[in-house]
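Asker: In full-length UniProt numbering, the protein residues as written are 1 to 60. I'd like to ask you about the structure that follows.
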């Protein structure tokens with residue numbers, strides 16, 4: 001899985017719906033500087049998806 005979104009070979013746009021409270025929580029963390037490696041919400045979601053995929057693969 002890629003860790004640099006600017007180097008995707010075949011990027012695909014994915015649209016997801018998330019509760020407003022979840023978005024507010026992400027924004028709060030970003031404002032506090034706790035998500036220093038995430039520049040925006042999309043990067044946060046992309047990395048969360050990749051982490052979950054790795055976790056699911058290790059469970060099986």
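Cβ atoms here follow ideal geometry from the backbone N, Cα and C, with glycine treated the same way. If you're wondering where the values come from, they're calculated on a predicted model, not measured in any experiment.
Starting from residue 29, trace the alpha helix (DSSP H) in both directions and tell me its first and last residue.
Answerer: Here residue 29 corresponds to residue number 29 of the chain shown, with the count starting at 1. Element bounds for residue 29: 20-31.
Asker: Hey, quick one: how far does the alpha helix (DSSP H) through residue 58 stretch, first residue to last?
Answerer: Numbered from its first residue, the chain shown carries residue 58 at position 58. Residues 41-59.
Asker: Under 8 Å: do the stretch 47-56 and the stretch 21-36 share three or more Cβ pairs, one atom per stretch?
Answerer: With the cut-off at 8 Å, the stretch 47-56 and the stretch 21-36 do not touch.
Asker: Can you grab the Cα-Cα spacing for the pair residue 14 / residue 30, in whole Å?
Answerer: Here the question's residue 14 lines up with position 14 in the chain shown. Here the question's residue 30 lines up with position 30 in the chain shown. Approximately 22 Å between the Cα atoms of the pair.
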